[in-house]
Each structure stands twice: as C-alpha cells, then as structure tokens.
Amino acid sequence: MVKIDNIELPDFPLLLAPMEDVSDPPFRALCKEQGADVVYTEFVSSEGLIRNAAKSVMKLDIYEKERPVGIQIFGANLDSMLQTIDIVEKSNPDIIDINFGCPVKKVVSKGAGAGILKDICLMEKLTAEMVKRTNLPITVKTRLGWDHDSIKIVEVAERLQDVGCKAIAIHGRTRAQMYKGDANWKPIAEVKNNPRMHIPVFGNGDITSPERAMEMRDTYGLDGAMIGRASIGNPWFFKQVKHYFKTGEHLAPISLEERVEAARRHLQMSIDWKGEILGVFETRRHYTNYFKGIPHFKEYRMKMVTSDDSKDVFAAFDEVLDKFAGYEFTE
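Quick note on my numbering: the sequence shown kicks off at 1313 and runs consecutively.
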C-alpha cells in the first residue's frame, strides 16, 4: 500500500498528471472510470485565483466521483500562494499540489513552475509555509533541475519532505529540455533510494506503454507512475497498464464502439460543464487519439475539429460508426 498522508492507495498507483486544457472534470471522470487512482486538476494560477479570474476559479470544480483528487496551483509569491490555499480549501480537495515543474516560458518568466528551480531556498520556504497554512496534504510536482548542470533533485526532495511535503512527483527532464530528448528516471530512483526519504516518490515522463510503467516499478523501484500525454484521447491507458501488471498480457484493443461512446460522453460532459461553445472547442484535441490508426479518416476528423455545432460533431461520430463498422484496432 502507498499512502499520501492518510490517503490509502493501492500498490504502485497510477496518477493522472495535471495538464493544462486537458485535465478538466470530463476527462478526469473518464480516466477515473478506467483505473486512475488519483487525478489532478489543470494547474491553477495563484494570481488568477486571488483576482477571481473566471478561468482560474472554474478550474476548482471537482466532483465526488473523482476522489481522491488534487488541485494543483502555481505561483512564486508567498502571500499570493497562501491566499490561494484559503480559496482552494473551500473546494474541499483531498490534496493540494504545488507545480514546481511547468517549463512554459510565460510561467517560468514569473519565477513560477520550473522557474523556481533556480531558487531552491524559495521552493523550500513556499512549501513549508503552505504546509503550515492547511491541514490538507501538500504534495509537489517538479523536474530534475533547471538544466543538466544544476540537478540537485535528491537534495531538493529531502528538503521538501523535511518541511512537510507528503509526496513528490518528478518529471525525468530538466527545464532546459522542455519535452525533448528522453526522460531520465535514474535521478528519480536516487531520490527513492535515499535512506532518509519516507514519502512516496512518483515518476513522470515517457510512460508510453504498460511495459514502460512496469519498468518504472520493477527496475527503478518507484512508488507509482504519473501519466500525462499517453492518456490524451486514451483514458483506457490506466486500465491497460493494470491489466498488464496483473496478467503479463496486453488488454485487447479498445473497440470502435467503445471509442465512439467515450468521445460522445466526453463531448457531452464538456458541454454540460463549459457550455456549447467551449465544450465543443476544448474537446477537439482528443479526437485524433481516440480514433488513431483508422485509415482514410481525415474527412471525419476534419468534421470533428472544425464544426462549431455539437450536433455536427455527434453526427460525425455516427458516421464513423457506420463507415468503419467492423474495423479492428491493432493496439
């Protein structure tokens, strides 16, 4: 069993990573149904929250069926982050996660996200003060370091643990790498193997198959895996990994009918939560992956990603069922 504070999770839990414009309530619901053990919100700007920015506030929407669920926040100003804690608590999440890893320039330029990796003392202070502010478990998601020459993740993890961080998820790249090159899990294993560490250490980055998840568990000895891009348009990834762990075999390919039903539900939940315009627009990014592998699919994909009326998108789903009836996916 793995525990984040008092939250009990199964051995080697699978966590849905916080992803901007992806990890919203509809997508989290689908991933939860397919085996995600913990789900995280999109990252929420502390400055946006304290200004009551509508987009930031909307990201605090969580639902009972998602639990355990973590709300992830980012920022570099202590006062703003502490005010954010007070606001976030009202949504009653199970976990508050601090983003010390986002590599995007507009975040980093403000000293937040991965930008704070340049100031480990501030990173430690922010975490310590936020732990003091709430009774909810504070966790951290971060990267190996700012660049190859400044990787101090073993020390960083230990210092964060010592001020009360209850779990740490580490992406196996530096900020300088962004999402290029291969993720390096060895330094994450060094964090886990540090005899002073007693909180869960989760790995993130390049977990693209059940085999890779098993490698993270068995070769690198980490406590769990945080799944990001592999789940986009593929909420079944969590179920696929768990099936492989249990049987040593791959789950049968997800059928066309299951894919269409998931896409249909995803769109409807998005419309129910965000309204017609945003619901239609912000679900588009998932369709390519939902139907990846179908030959001569461009005509239908274009209908899905260019239509502004949900009726047209739902009609495209029906066309796909009719046109490709009997199509068998190979993976």
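We put the beta carbon where it would ideally sit given N, CA and C, even for glycine.
Give me the residue from the options with the minimum Cα distance to residue i.
i, options, result
"isoleucine 1407", "Asn1447, Val1553, Asp1391", "Asn1447"
"lysine 1478", "Lys1504, Ile1511, Ala1501, Pro1507", "Ile1511"
"valine 1592", "Pro1338, Ala1329, Trp1497, Ile1316", "Pro1338"
"serine 1439", "Ala1525, Leu1390, Asn1364", "According to the sequence shown, residue 1439 is threonine rather than serine. With distances taken between Cα atoms, threonine 1439 lies closest to Leu1390."
"isoleucine 1606", "Cys1414, Pro1322, Leu1568", "Leu1568"
"threonine 1559", "Met1526, Cys1414, Lys1453", "Met1526"
"valine 1334", "Glu1643, Pro1547, Arg1571", "Pro1547"
"glutamine 1473", "Ile1397, Arg1571, Met1528, Arg1508", "Arg1508"
"glutamate 1594", "Phe1629, Phe1609, Ser1622", "Ser1622"
"serine 1619", "Ser1392, Ser1403, Leu1579", "Leu1579"
"alanine 1575", "Ile1463, Val1419, Cys1343, Asn1318", "Cys1343"
"glycine 1427", "Ser1403, Glu1401, Thr1454", "Thr1454"
"valine 1475", "Ala1481, Ala1501, Arg1445, Lys1437", "Lys1437"
"methionine 1599", "Asp1584, Glu1573, Gly1638, Glu1588", "In the sequence as presented, methionine is not what sits at residue 1599; that position holds tyrosine. Measuring from the Cα of tyrosine 1599, the nearest candidate turns out to be Glu1573."
"glutamate 1561", "Ile1316, Leu1361, Glu1643, Gln1346", "Glu1643"
"aspartate 1336", "Phe1557, Asp1584, Asn1601", "Asp1584"
"proline 1380", "Ser1421, Gly1423, Asp1317", "Asp1317"
"isoleucine 1566", "Lys1464, Gly1425, Asn1601, Asp1530", "Asn1601"
Since residue i is in the beta strand (DSSP E), which residue starts that stretch and which ends it?
i, result
"lysine 1315", "1314 to 1316"
"glycine 1587", "Unbroken run through glycine 1587: none, as it is neither H nor E."
"phenylalanine 1603", "It is not in any beta strand (DSSP E) - phenylalanine 1603 carries neither H nor E in the DSSP assignment."
"glutamate 1320", "1319 to 1321"
"glycine 1382", "1381 to 1386"
Below 8 Å on the Cβ atoms is my guess for residue i versus residue j; work out the distance and round it to an integer in Å.
i, j, result
"arginine 1485", "glycine 1517", "6 Å"
"glutamate 1378", "arginine 1340", "5 Å"
"proline 1322", "methionine 1331", "Their Cβ separation, rounded to whole angstroms, is 23 Å, which puts proline 1322 and methionine 1331 out of contact at 8 Å."
"valine 1452", "isoleucine 1410", "5 Å"
"arginine 1644", "phenylalanine 1603", "One cannot answer for residue 1644 here, as it falls past the ends of the chain, which runs 1313 to 1643."
"isoleucine 1374", "proline 1405", "6 Å"
"histidine 1483", "glycine 1413", "5 Å"
"methionine 1442", "isoleucine 1397", "6 Å"
"isoleucine 1362", "serine 1403", "About 15 Å separates the two Cβ atoms, so there is no contact after all."
"valine 1466", "valine 1513", "About 11 Å separates the two Cβ atoms, so there is no contact after all."
With residue i as the anchor, note down where its alpha helix (DSSP H) starts and where it stops.
i, result
"glutamate 1401", "1390 to 1401"
"phenylalanine 1644", "Residue 1644 lies beyond the residue range present for the chain, which begins at 1313 and ends at 1643; the question has no answer from this structure."
"threonine 1618", "1610 to 1618"
Do residue i and the ligand COA come close, with the Cβ less than 6 Å from some heavy atom?
i, result
"serine 1357", "This structure lacks the ligand COA; in fact it carries no ligand of any kind."
Complete beta strand (DSSP E) runs within the region 1406 to 1482 (minimum length 3 residues, chain order): 1407 to 1412, 1450 to 1455
Continuous alpha helix (DSSP H) assignments of at least 4 residues falling wholly in the region 1481 to 1567: 1498 to 1505, 1522 to 1530, 1549 to 1559
Any beta strand (DSSP E) of 3 or more consecutive residues that is wholly inside the region 1323 to 1379: 1326 to 1328, 1350 to 1352
Inter-stretch contact at 8 Å, needing at least 3 Cβ pairs: the region 1425 to 1445 / the region 1363 to 1372: no
Three or more C-beta pairs below 8 Å linking the region 1342 to 1360 and the region 1382 to 1391: yes
Contact between the region 1316 to 1326 and the region 1487 to 1495 (3+ Cβ pairs under 8 Å): Counting C-beta pairs closer than 8 Å gives fewer than three between the region 1316 to 1326 and the region 1487 to 1495, which falls short of the contact rule.
Segment contact flag, the region 1339 to 1352 with the region 1604 to 1618, C-beta cutoff 8 Å, min 3 pairs: no
Segment contact flag, the region 1531 to 1538 with the region 1491 to 1510, C-beta cutoff 8 Å, min 3 pairs: yes
Segment contact, 8 Å Cβ cut-off, at least three pairs: the region 1543 to 1558 with the region 1519 to 1530: yes
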